[in-house]
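Residue numbers (our numbering): 22 to 268.
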Amino acid sequence: MLSKNTVKFIKSLHLKKYRRQEKAFLVEGAKSLQELLKSQYDIRFMVLTQSQADLLANELKSRRVEVIIATANQLEQISTFKSNDAGLAVVTLPEERSPKPASKGLTLCLDDVRDPGNLGTIIRIADWYGVREIVCSEETAEFYNPKVISATMGSFCRVGVSYTSLTEYLSEIKLPVYGAFLAGDNIYKSELPSDAVIVMGNESNGISDEVAALISHRLTIPSFGAAESLNVAIATAVICDNFRRGA
22 MLSKNTVKFI
32 KSLHLKKYRR
42 QEKAFLVEGA
52 KSLQELLKSQ
62 YDIRFMVLTQ
72 SQADLLANEL
82 KSRRVEVIIA
92 TANQLEQIST
102 FKSNDAGLAV
112 VTLPEERSPK
122 PASKGLTLCL
132 DDVRDPGNLG
142 TIIRIADWYG
152 VREIVCSEET
162 AEFYNPKVIS
172 ATMGSFCRVG
182 VSYTSLTEYL
192 SEIKLPVYGA
202 FLAGDNIYKS
212 ELPSDAVIVM
222 GNESNGISDE
232 VAALISHRLT
242 IPSFGAAESL
252 NVAIATAVIC
262 DNFRRGA
(Lines of atoms letter the chains of each structure in order from A and count residues from 1; the text may use other names and numbers.)
(Lines give C-alpha, C1' and ligand atoms only; values in the text may rest on other atoms or scores of the structure.)
Protein backbone atom coordinates (compact mmCIF):
# COMPACT_ATOMS: atom_id res chain seq x y z
CA MET A 1 0.00 0.00 0.00
CA LEU A 2 1.19 3.48 -0.89
CA SER A 3 1.25 5.32 2.45
CA LYS A 4 1.14 9.09 2.94
CA ASN A 5 4.70 9.06 4.25
CA THR A 6 5.92 7.18 1.18
CA VAL A 7 4.12 9.62 -1.10
CA LYS A 8 5.70 12.55 0.73
CA PHE A 9 9.15 10.96 0.56
CA ILE A 10 8.91 10.27 -3.18
CA LYS A 11 7.66 13.78 -3.93
CA SER A 12 10.57 15.25 -1.97
CA LEU A 13 12.98 13.53 -4.39
CA HIS A 14 11.71 15.76 -7.17
CA LEU A 15 14.01 18.42 -5.66
CA LYS A 16 17.81 18.38 -5.70
CA LYS A 17 18.02 19.47 -2.05
CA TYR A 18 16.20 16.36 -0.85
CA ARG A 19 17.91 14.01 -3.29
CA ARG A 20 21.18 14.99 -1.62
CA GLN A 21 19.70 14.91 1.86
CA GLU A 22 18.10 11.49 1.42
CA LYS A 23 20.90 10.16 -0.81
CA ALA A 24 18.33 8.86 -3.27
CA PHE A 25 16.96 9.60 -6.74
CA LEU A 26 14.05 8.56 -8.95
CA VAL A 27 13.96 6.39 -12.05
CA GLU A 28 10.69 6.51 -13.99
CA GLY A 29 9.16 4.84 -17.03
CA ALA A 30 9.06 1.28 -18.35
CA LYS A 31 12.28 1.34 -20.41
CA SER A 32 14.38 2.96 -17.69
CA LEU A 33 13.06 0.53 -15.08
CA GLN A 34 13.98 -2.45 -17.27
CA GLU A 35 17.52 -1.14 -17.69
CA LEU A 36 17.77 -0.31 -13.98
CA LEU A 37 17.00 -3.89 -12.99
CA LYS A 38 19.95 -5.08 -15.12
CA SER A 39 22.33 -2.58 -13.51
CA GLN A 40 24.37 -2.53 -10.31
CA TYR A 41 22.39 0.33 -8.77
CA ASP A 42 20.99 -0.26 -5.28
CA ILE A 43 17.19 -0.17 -5.62
CA ARG A 44 15.45 0.73 -2.35
CA PHE A 45 11.95 -0.02 -3.60
CA MET A 46 9.72 0.29 -6.65
CA VAL A 47 6.16 1.53 -7.10
CA LEU A 48 4.57 -0.31 -10.03
CA THR A 49 1.23 -0.91 -11.62
CA GLN A 50 0.16 -4.54 -11.36
CA SER A 51 0.66 -5.08 -15.09
CA GLN A 52 4.22 -3.74 -14.92
CA ALA A 53 4.99 -5.84 -11.85
CA ASP A 54 3.76 -8.93 -13.72
CA LEU A 55 5.91 -8.03 -16.73
CA LEU A 56 9.03 -7.65 -14.58
CA ALA A 57 8.27 -10.55 -12.23
CA ASN A 58 11.41 -12.57 -12.97
CA GLU A 59 13.77 -9.60 -12.70
CA LEU A 60 12.12 -8.41 -9.48
CA LYS A 61 12.44 -11.85 -7.95
CA SER A 62 16.08 -12.10 -8.98
CA ARG A 63 16.93 -8.71 -7.48
CA ARG A 64 14.68 -9.21 -4.43
CA VAL A 65 13.23 -5.75 -4.87
CA GLU A 66 10.49 -4.49 -2.57
CA VAL A 67 7.45 -3.59 -4.70
CA ILE A 68 4.48 -1.40 -3.84
CA ILE A 69 1.51 -1.85 -6.18
CA ALA A 70 -0.25 1.35 -7.23
CA THR A 71 -2.79 2.46 -9.80
CA ALA A 72 -1.83 4.61 -12.78
CA ASN A 73 -3.69 7.48 -11.14
CA GLN A 74 -1.67 7.11 -7.93
CA LEU A 75 1.55 7.00 -9.94
CA GLU A 76 0.69 10.25 -11.67
CA GLN A 77 0.34 11.88 -8.24
CA ILE A 78 3.93 11.05 -7.29
CA SER A 79 5.70 10.97 -10.67
CA THR A 80 7.48 13.83 -12.41
CA PHE A 81 5.84 12.56 -15.63
CA LYS A 82 2.52 13.98 -16.76
CA SER A 83 1.39 10.41 -17.28
CA ASN A 84 2.98 7.26 -15.92
CA ASP A 85 1.31 3.88 -16.40
CA ALA A 86 4.39 1.79 -15.58
CA GLY A 87 6.06 2.81 -12.35
CA LEU A 88 9.04 4.36 -10.65
CA ALA A 89 11.95 3.30 -8.48
CA VAL A 90 13.69 4.92 -5.55
CA VAL A 91 17.42 4.31 -5.98
CA THR A 92 20.33 4.97 -3.64
CA LEU A 93 22.71 7.68 -4.82
CA PRO A 94 26.10 6.08 -5.44
CA GLU A 95 29.24 7.71 -4.12
CA GLU A 96 30.38 10.67 -6.19
CA ARG A 97 32.57 9.59 -9.10
CA SER A 98 35.99 11.06 -9.74
CA PRO A 99 36.66 11.74 -13.42
CA LYS A 100 38.81 9.13 -15.08
CA PRO A 101 41.86 10.49 -16.94
CA ALA A 102 41.25 10.25 -20.67
CA SER A 103 43.87 7.89 -22.09
CA LYS A 104 42.11 5.82 -24.75
CA GLY A 105 38.95 6.01 -26.83
CA LEU A 106 36.58 8.97 -26.81
CA THR A 107 35.72 11.07 -23.77
CA LEU A 108 33.05 13.78 -23.79
CA CYS A 109 33.45 16.98 -21.78
CA LEU A 110 30.44 19.24 -21.22
CA ASP A 111 31.11 22.88 -20.45
CA ASP A 112 28.07 24.36 -18.68
CA VAL A 113 25.32 22.39 -20.45
CA ARG A 114 22.37 23.58 -18.38
CA ASP A 115 19.27 21.93 -19.86
CA PRO A 116 18.47 18.56 -18.21
CA GLY A 117 16.89 17.25 -21.40
CA ASN A 118 20.04 18.05 -23.36
CA LEU A 119 22.26 16.33 -20.80
CA GLY A 120 20.07 13.22 -20.78
CA THR A 121 20.00 13.06 -24.57
CA ILE A 122 23.80 13.49 -24.73
CA ILE A 123 24.20 10.56 -22.30
CA ARG A 124 21.99 8.45 -24.57
CA ILE A 125 24.03 9.54 -27.61
CA ALA A 126 27.26 8.68 -25.80
CA ASP A 127 25.90 5.22 -25.06
CA TRP A 128 24.99 4.70 -28.75
CA TYR A 129 28.48 5.67 -29.91
CA GLY A 130 30.31 3.72 -27.22
CA VAL A 131 31.52 6.72 -25.25
CA ARG A 132 31.75 5.47 -21.67
CA GLU A 133 32.90 8.64 -19.88
CA ILE A 134 31.36 12.10 -19.72
CA VAL A 135 33.16 14.75 -17.66
CA CYS A 136 31.01 17.76 -16.78
CA SER A 137 31.81 21.22 -15.53
CA GLU A 138 30.44 21.93 -12.07
CA GLU A 139 27.79 24.22 -13.62
CA THR A 140 26.37 21.50 -15.88
CA ALA A 141 22.89 20.14 -15.08
CA GLU A 142 22.68 17.56 -12.29
CA PHE A 143 22.97 13.96 -13.48
CA TYR A 144 20.28 12.71 -11.06
CA ASN A 145 17.66 15.26 -12.07
CA PRO A 146 14.58 13.18 -13.03
CA LYS A 147 14.45 14.90 -16.43
CA VAL A 148 18.04 13.86 -17.12
CA ILE A 149 17.47 10.25 -16.06
CA SER A 150 14.27 10.08 -18.13
CA ALA A 151 15.91 11.48 -21.28
CA THR A 152 18.69 8.88 -21.14
CA MET A 153 16.15 6.07 -21.70
CA GLY A 154 18.22 3.77 -19.50
CA SER A 155 21.65 4.80 -20.78
CA PHE A 156 22.46 6.32 -17.38
CA CYS A 157 23.17 2.72 -16.31
CA ARG A 158 26.09 2.38 -18.74
CA VAL A 159 27.72 5.80 -19.07
CA GLY A 160 29.88 7.22 -16.29
CA VAL A 161 29.22 10.88 -15.49
CA SER A 162 31.44 12.96 -13.22
CA TYR A 163 31.82 16.64 -12.30
CA THR A 164 34.97 18.69 -11.91
CA SER A 165 36.78 21.83 -13.00
CA LEU A 166 37.22 21.35 -16.75
CA THR A 167 40.22 23.67 -16.88
CA GLU A 168 42.03 21.52 -14.32
CA TYR A 169 40.94 18.30 -16.01
CA LEU A 170 41.89 19.34 -19.54
CA SER A 171 45.23 20.81 -18.48
CA GLU A 172 46.38 17.29 -17.58
CA ILE A 173 45.10 15.55 -20.73
CA LYS A 174 47.67 14.08 -23.12
CA LEU A 175 45.17 13.24 -25.88
CA PRO A 176 44.17 15.77 -28.55
CA VAL A 177 41.27 17.94 -27.36
CA TYR A 178 38.60 18.83 -29.91
CA GLY A 179 35.96 21.49 -29.37
CA ALA A 180 32.75 22.44 -31.18
CA PHE A 181 32.74 26.04 -32.43
CA LEU A 182 30.79 28.07 -34.98
CA ALA A 183 34.14 28.88 -36.59
CA GLY A 184 36.64 26.06 -36.97
CA ASP A 185 37.85 23.32 -39.30
CA ASN A 186 35.13 21.63 -41.35
CA ILE A 187 34.49 18.36 -39.50
CA TYR A 188 33.69 16.55 -42.77
CA LYS A 189 37.16 17.33 -44.10
CA SER A 190 39.08 16.65 -40.90
CA GLU A 191 41.04 13.53 -40.04
CA LEU A 192 39.71 12.45 -36.67
CA PRO A 193 41.54 10.07 -34.31
CA SER A 194 39.99 7.17 -32.41
CA ASP A 195 41.47 8.47 -29.15
CA ALA A 196 40.42 12.01 -28.28
CA VAL A 197 38.52 14.34 -25.96
CA ILE A 198 35.48 16.16 -27.36
CA VAL A 199 34.29 19.36 -25.65
CA MET A 200 30.74 20.66 -26.09
CA GLY A 201 29.66 24.05 -24.78
CA ASN A 202 26.76 25.91 -23.23
CA GLU A 203 23.47 26.09 -25.18
CA SER A 204 23.65 29.89 -25.57
CA ASN A 205 27.30 30.86 -25.14
CA GLY A 206 29.23 27.87 -26.41
CA ILE A 207 32.57 26.90 -24.87
CA SER A 208 33.91 29.32 -22.27
CA ASP A 209 37.13 31.25 -22.97
CA GLU A 210 38.97 29.47 -20.15
CA VAL A 211 38.16 26.03 -21.56
CA ALA A 212 38.65 27.14 -25.18
CA ALA A 213 42.25 28.05 -24.35
CA LEU A 214 42.93 24.37 -23.65
CA ILE A 215 41.43 23.05 -26.90
CA SER A 216 43.96 21.98 -29.51
CA HIS A 217 41.57 21.49 -32.45
CA ARG A 218 38.50 23.60 -33.25
CA LEU A 219 35.79 21.90 -35.30
CA THR A 220 32.65 23.23 -36.93
CA ILE A 221 29.67 21.50 -38.49
CA PRO A 222 29.12 23.42 -41.72
CA SER A 223 25.69 24.96 -42.26
CA PHE A 224 23.77 24.53 -45.50
CA GLY A 225 20.79 26.64 -44.42
CA ALA A 226 19.91 29.73 -42.42
CA ALA A 227 19.72 28.46 -38.81
CA GLU A 228 22.06 30.26 -36.43
CA SER A 229 23.18 27.12 -34.61
CA LEU A 230 22.42 23.50 -33.75
CA ASN A 231 21.04 22.17 -30.48
CA VAL A 232 24.00 20.94 -28.39
CA ALA A 233 22.70 17.37 -28.22
CA ILE A 234 22.21 17.19 -31.99
CA ALA A 235 25.67 18.68 -32.53
CA THR A 236 27.12 16.07 -30.17
CA ALA A 237 25.53 13.29 -32.22
CA VAL A 238 26.91 14.68 -35.49
CA ILE A 239 30.40 15.03 -34.05
CA CYS A 240 30.42 11.58 -32.43
CA ASP A 241 29.20 10.07 -35.69
CA ASN A 242 32.10 11.59 -37.60
CA PHE A 243 34.64 10.39 -35.04
CA ARG A 244 33.23 6.87 -35.42
CA ARG A 245 33.05 6.81 -39.23
CA GLY A 246 36.37 5.06 -39.67
CA ALA A 247 35.83 2.65 -36.79
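Glycine included, each C-beta is placed from N, C-alpha and C at the ideal position.
Bridge partner(s) assigned by DSSP for V198: V218
Own chain, CB closer than 6 Å to R265, minus 5 neighbours either side, in chain order: Y150
DSSP bridge partner residues for A45 (one or two, in chain order): T113
Rounded straight-line distance, which links the Cα of F30 to that of C261: Between C261 and F30, the C-alpha separation is close to 39 Å.
Classification of Q98 by the beta-carbon crowding that lies within 10 angstroms, buried from 16 upward: exposed
Three-pair Cβ contact test at 8 Å for the segment 187-207 versus the segment 97-115: Contact between the segment 187-207 and the segment 97-115 is absent, because fewer than three Cβ pairs lie under 8 Å.
Endpoints, the beta strand (DSSP E) within which V169 is located: Segment 167-173 is the alpha helix (DSSP H) holding V169; no beta strand (DSSP E) there.
Element boundaries [beta strand (DSSP E), containing S183]: 181-185
Length at least 3, wholly inside the segment 208-262: the beta strand (DSSP E) runs in chain order: 217-221, 238-241
Backbone CA spacing between A78 and E160 [nearest angstrom]: 40 Å
F66 to R84 span [Cα, whole Å]: 11 Å
Entirely enclosed alpha helix (DSSP H) segments - the segment 52-103, minimum 4 residues: 71-76, 78-84, 93-99
Spatial distance of I194 from E224 (CA atoms): 24 Å
Pick from N139, S176, V134, L140 that is closest to D148, judged by C-alpha positions: S176
Stretch pair the segment 162-169 + the segment 139-146: three plus CB contacts closer than 8 Å: Counting C-beta pairs closer than 8 Å gives three or more between the segment 162-169 and the segment 139-146, which meets the contact rule.
Residue-chain proximity (A248, chain D), Cβ-Cβ < 8 Å: You won't find chain D in this structure, because it holds only one protein chain.
Three-state class that DSSP yields for V28 in the structure shown: In the structure shown, V28 sits in a helix (DSSP, three-state: H, G or I).
Under 8 Å between C-beta atoms of R145 and T173: At the C-beta level, R145 and T173 come within 8 Å of one another.
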